[in-house]
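These notes concern the structure reproduced below.
In the numbering used here, the protein residues as written are 51 to 517.
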């Protein structure tokens, strides 16, 4: 294929990998999908240089064939038997245009997986700049899987444009897709985890359902014409300078925490300040952050794009944690326990439990109440292992230079924002998705500004850990 070299295990097994039965998490994502709050997310890449459309088509075709779930449909008469099947034409929707052409959905933002594959792409550009946006349905893959697919697209494109500079795509094993629900657990490991599983499914679920978090307050109602717009959202985004990013890292280290802990602390403080500024009665109430956690184990790095993720929740009452340093210390301890014990697995068990109850998943996803204040996802150093040349730390992709990227998780009813942090070229970038039915673009930008100011306070001061 135009000089592209594949490893021997990267293209075999795609046809025999499917059909595959949908997992509990994938069924949950489909159940939670709605016209007002579709379970899709967008990844945005910005480049210097003009893209070659034909070469990009070739790269997309190759990458989709390496990631079977992105070229598949969901079929079934009953939700419990939902199955991924190979489509006759797996090549995804790709919309080209110059930079003046707006980004618009082909109909609606929601993707019907019974008729279409869960991937759409838009390419806009000029002689100097190119922007690419990928839309993924969360049934197909999580954020890690999405960036793994994008890495293949970029590597394939580079090889098409520069065949003399051959880039060998990292190997993939499609056979691992059938094991995406095992999470590295043998039967005896499951037996050892039984007390944690019972505690999480009983006590943890009860606390999650009974404790009601404070939703984010909206200063004004959005205009209905903007709400119903078919145009893709422009997410509020902020990229911290390298020096600021380094100071944040050092501040977290001094406090005995991680950057992720520090950002969680500052996000909680910013959301409480936001709510209190608009409605004083909400000050200090329960803030709940939902955090996606990868359940991948050693060896899963060669799995094609898929969902190997679950959620945990972090609850804090700022009436109790008035001291920011104590708040950070408490978050650091809790996140360590959540990761070490892999408590995210409890989310999968609870979904499975609700599926056994008639109407259980519908109750969980359609309940007219707030389950979380926001979602926060840490993607880490994206595309750090991509086998592509660098220029000043930035990826060289054929005749393009990748200068900026970002993504944000989907939002659901009453969960007004979803934030992602990621690192590229030593810089921390924060991206905020928001519920267009709840926030105006101006209000969403103001909320992002408040969050950034709170984070910059941490970058400008050393945080002493509490005993």
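For each residue, glycine too, the CB sits at the ideal point set by N, CA and C.
Practice prompt. Pick helix, strand or coil for residue 145, following the three-state DSSP scheme.
Written response: Taking the chain shown and counting its residues from 1, the one referred to as residue 145 is at position 95. Strand.
Worksheet entry | Per-residue DSSP class, three states only, for residue 368 | The residue labelled residue 368 in the question sits at position 318 within the chain shown. It is coil, neither helix nor strand.
Worksheet item: Looking at C-alpha atoms only, which residue of 475, 381, 439, 490 is the closest neighbour of residue 209?
Response: Taking the first residue of the chain shown as position 1, residue 209 is located at position 159. With distances taken between Cα atoms, residue 209 lies closest to 439.
Practice prompt. With a 10 Å radius around its C-beta and 16 neighbouring C-beta atoms as the bar for buried, classify residue 516 as buried or exposed.
Written response: Residue numbering aside, residue 516 sits at position 466 when the chain shown is read from its first letter. Unreliable positioning characterises residue 516 in this predicted model, as indicated by a pLDDT of 34, which lies under 50. A coordinate reading is not provided.
Worksheet entry | Option in 262, 108, 294 with minimal Cα separation from residue 479 | On the chain shown, residue 479 is found 429 positions in, with the first residue counted as 1. The residue with the shortest Cα to Cα distance from residue 479 is 294.
Worksheet entry | Distance between beta carbons of residue 359 and residue 192, contact taken as under 8 angstroms | Along the chain shown, one-based indexing puts residue 192 at 142. Along the chain shown, one-based indexing puts residue 359 at 309. Contact flag correct, Cβ pair sits at about 4 angstroms.
Fill in: Among 228, 268, 86, 367, nearest to residue 355 - alpha-carbon criterion
Position 305 of the chain shown holds residue 355. Of 228, 268, 86, 367, the residue nearest in Cα terms is 228.
Worksheet item: Can you name the residues that DSSP bridges to residue 454?
Response: Within the chain shown, numbered from 1, the residue matching residue 454 stands at position 404. Looking at the DSSP assignment, residue 454 forms a beta bridge with 96.
Worksheet item: What whole-angstrom Cβ distance do residue 133 and residue 70 have, given they're in contact under 8 angstroms?
Response: Residue 133 sits at position 83 when you count from the first residue of the chain shown. Residue 70 sits at position 20 when you count from the first residue of the chain shown. Right, their Cβ atoms sit about 7 angstroms apart.
Fill in: Contacting residues, own chain, Cβ-Cβ under 7 angstroms from residue 527 (five flanking each side not counted)
What the structure shows of the chain is the stretch from 51 to 517, and residue 527 is not part of that stretch, so it cannot be assessed.
Item to complete: Count the other C-beta atoms from every protein chain shown that fall within 10 angstroms of the C-beta of residue 257, then say buried if there are 16 or more, exposed otherwise.
Response: For the purposes of this step, residue 257 is taken as the residue at position 207 of the chain shown. Answer is exposed; the Cβ neighbour count stays below 16.
Practice prompt. Return the CA-CA distance between residue 178 and residue 271, expressed in angstroms with no decimal places.
Written response: Here the question's residue 178 lines up with position 128 in the chain shown. Here the question's residue 271 lines up with position 221 in the chain shown. Rounded to whole angstroms, residue 178 to residue 271 spans 38 angstroms at the Cα level.
Item to complete: Out of 67, 68, 75, point me to the one whose CA is closest to residue 400's CA.
Response: By one-based count along the chain shown, residue 400 stands at place 350. Selected option, being the one with the closest Cα: 75.
Discussion item. Taking the straight line between their C-alpha atoms, what separation do you get for residue 390 and residue 99?
Written reply: The residue labelled residue 390 in the question sits at position 340 within the chain shown. The residue labelled residue 99 in the question sits at position 49 within the chain shown. About 44 angstroms.
Worksheet item: Alpha carbon to alpha carbon, how far is residue 288 from residue 245?
Response: For the purposes of this step, residue 288 is taken as the residue at position 238 of the chain shown. For the purposes of this step, residue 245 is taken as the residue at position 195 of the chain shown. So the alpha carbons of these two residues sit roughly 42 angstroms apart.
Item to complete: Have a look at the DSSP bridge pairing and note the partners of residue 281.
Response: On the chain shown, residue 281 is found 231 positions in, with the first residue counted as 1. According to DSSP, which records beta bridges pairwise, residue 281 is partnered with 154.
Worksheet item: Quick one: Cα of residue 333 to Cα of residue 313, how far?
Response: Working through the chain shown from its first residue, we reach residue 333 at position 283. Working through the chain shown from its first residue, we reach residue 313 at position 263. So the two alpha carbons sit approximately 20 angstroms from each other.
Fill in: Spatial neighbours of residue 408 in its chain, beta-carbon cut-off 8 angstroms, leaving aside the 5 residues before and after
As a working note, residue 408 is residue 358 in the chain shown. Excluding residues within five positions, none has a Cβ falling inside 8 angstroms.
Item to complete: Please confirm if the segment 470–486 is in contact with the segment 415–433, defined as three or more CB-CB distances below 8 angstroms between the two stretches.
Response: yes
Discussion item. On the DSSP letters alone, give me the boundaries of the beta strand (DSSP E) that residue 179 sits inside.
Written reply: In the chain shown, counting from the first residue as 1, residue 179 sits at position 129. Residues 179–187.
Item to complete: Could you check if residue 447 is buried or exposed, using at least 16 other CB atoms within 10 Å of its CB as the buried criterion?
Response: In the chain shown, counting from the first residue as 1, residue 447 sits at position 397. Buried, by the Cβ-count rule.
Worksheet item: Just the Cα atoms here: how many angstroms apart are residue 519 and residue 83?
Response: Limits of the chain in this structure are 51 at one end and 517 at the other, which puts residue 519 out of reach.
Practice prompt. State buried or exposed for residue 331, treating a residue as buried only when at least 16 other CB atoms are found within 10 Å of its CB.
Written response: For the purposes of this step, residue 331 is taken as the residue at position 281 of the chain shown. When all chains shown are included, residue 331 counts as exposed.
Worksheet item: Is residue 514 helix, strand or coil when you go by DSSP?
Response: As a working note, residue 514 is residue 464 in the chain shown. At residue 514, the pLDDT of 38 sits below 50, so the modelled position is not reliable; the number obtained from the coordinates is stated separately. Residue 514: coil per DSSP, three-state reduction.
Item to complete: For the alpha helix (DSSP H) holding residue 312, just list the boundary residues, first then last.
Response: Taking the first residue of the chain shown as 1, we reach residue 312 at position 262. Unbroken alpha helix (DSSP H) run through residue 312: 309–328.
Worksheet item: Since residue 286 and residue 459 are thought to touch, with beta carbons under 8 angstroms apart, how far apart are those beta carbons, to the nearest angstrom?
Response: Working through the chain shown from its first residue, we reach residue 286 at position 236. Working through the chain shown from its first residue, we reach residue 459 at position 409. Contact flag wrong, Cβ pair sits at about 14 angstroms.
Worksheet entry | Reference residue 336; option with closest CA among 368, 414, 433 | In the chain shown, the residue the question calls residue 336 occupies position 286. Of 368, 414, 433, the residue nearest in Cα terms is 368.
Worksheet entry | Own chain residues within Cβ distance below 8 angstroms of residue 137, not counting five before or after | The sequence position of residue 137 within the chain shown is 87, counting from 1. Cβ within range, chain order: 121, 122, 123, 167.
Worksheet item: Taking the beta strand (DSSP E) that residue 344 falls in, what are its first and last residues?
Response: Here residue 344 refers to the residue found at position 294 of the chain shown. Counting along the chain, the beta strand (DSSP E) containing residue 344 begins and ends at 336–344.
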